[in-house]
Amino acid sequence: GKHKHKHSLPNAADLSDQLKMAKKLKKHKKIAEIGDIISARKVIEGASGSTKYISETPVSELGDQYDSLKYPFENSSLALVYFAASWCGMSAPITEMLSSTVLSQLKNPSYSVLSPPSGTKKTHGNDKKTAFLSLTYISSDIDDSDMLTYGISSDRDLWHRVPFDSPERNSIKQHFQICARVEMSKLNIEKRKHDIPALLVFDEESQSLLTSDGVEDLKTYGGLEGAIDHWVEFRNLKKGLENKYEDDLNKGDKEKVEGEIGDQFVPDGGKYKLTTH
């Protein structure tokens, strides 16, 4: 009748008034899973909103647009892009968590780190070396010397550094609207989307920006390894959510779920729970 049924989970903002469920659903074996899915979807919708604010450009397009990003973006599963400066006090503790020493000592054997290519542009597309993780440094340093030595705390430099004199160093900042305050006028950035330090985490598989809150994640999860664990879990949740909803509900359960109206999800403590009226 008058009720409109949704065939996919609505945006978090519309959940409470758009998603209606049958009274009998509370007896249905899927109820806990559906509640979990909706709660998770709400978290992911919020995260997706903030990442779209920073960038909606697919990873492959960014690699095509910026030659200095192409190699790490094409050859790693999670590509970190780090905006910082050696003179910036706020950057110092974050850089320590991302140093080459930390990168080279990750305990999880799955978390391999992509070394910078040994040659120059000619290695792009030809080097078969791939890894789980890469880190690209977008410098706001004062000179080339500061940029080249920043973050090196071991014999091996694992940072991919956009050359100091490359126009891309500034055009990447303009693309994401991320820079130091002192650079804003020079870069014609009136309002930044992020101050430095900033850490963007790109997911090659979904071709999207996974999070723009990498710096906060490093602090929250006790350093790089804990943050990577979180990013992997978040990526898997994101990837599995749509499939799980489709698998559980689209094969005949959808009629049961959407066939009768009565209960609805209402916001409660940040999550959506089933309530009976």
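Here this note's numbering is used: position 110 in the sequence shown is 111, and no number is missing along the way. Glycine included, every Cβ here is placed at the ideal spot set by N, Cα and C.
Residue i versus residue j - alpha carbon distance
i	j	result
T124	D68	With a pLDDT of 41 at T124, under the threshold of 50, the modelled position of this residue cannot be trusted; read the value that follows with caution. In a straight line, the C-alpha of T124 is about 11 Å away from that of D68.
E205	T137	14 Å
K25	V114	Unreliable placement is indicated for K25, whose pLDDT of 36 sits below 50; the coordinate value is still reported in the next sentence. Between K25 and V114, the C-alpha separation is close to 50 Å.
H231	L219	10 Å
H161	V103	15 Å
E97	P73	21 Å
Q66	Y222	32 Å
E256	L238	At E256 the pLDDT is 48, less than 50, meaning the model places this residue with poor confidence and gives no usable figure here.
A33	A228	With a pLDDT of 49 at A33, under the threshold of 50, the modelled position of that residue is not reliable, and no figure is offered here.
G320	L99	Nothing about residue 320 can be read from this structure; the chain reaches only from 2 to 278.
D196	P94	15 Å
G241	K187	43 Å
F165	I179	16 Å
Q106	C89	25 Å
E75	V163	16 Å
T150	A85	13 Å
V233	P110	14 Å
Y83	F203	11 Å
A13	N171	Only weak support is given to the placement of A13: the predicted model assigns it a pLDDT of 42, under 50, and the value that follows is read from those uncertain coordinates. One C-alpha to the other measures close to 35 Å.
F177	D144	22 Å
A181	I173	13 Å
E169	G224	29 Å
S61	T131	15 Å
G152	Y112	19 Å
S119	M148	18 Å
The ligand MN heavy atom lying under 7 Å from the CB of residue i
i	result
G152	Annotation note on the ligand MN: not contained in the displayed structure, which lists no ligands.
Whole-angstrom C-beta distance between residue j and residue i, which should lie under 8 Å
i	j	result
S101	P198	Actually they are not in contact, since the Cβ atoms of S101 and P198 sit about 17 Å apart, beyond 8 Å.
F133	S77	7 Å
L63	L70	6 Å
Extent of the continuous beta strand (DSSP E) run through residue i
i	result
D204	199-204
R162	160-162
F133	132-140
L211	209-212
CB of residue i within 8 Å of CB of residue j, strictly
i	j	result
L201	S135	no
K211	R236	Here residue 211 turns out to be Leu, not Lys, going by the sequence shown. It is a contact, given that the beta carbons lie within the stated cut-off.
P117	D158	yes
Q208	I190	no
E226	K108	yes
Where residue i falls, given that 16 or more other Cβ within 10 Å makes a residue buried
i	result
T121	Note that T121 scores a pLDDT of 47, beneath 50, so its modelled location is shaky and nothing firm can be said.
S146	exposed
S140	buried
V183	exposed
Residue i - containing alpha helix (DSSP H), residue span
i	result
A80	Counting along the chain, A80 falls outside any alpha helix (DSSP H), though it belongs to the beta strand (DSSP E) covering 77-85.
F177	168-177
D65	60-66
L107	Counting along the chain, L107 falls outside any alpha helix (DSSP H), and DSSP gives it neither H nor E.
D147	145-150
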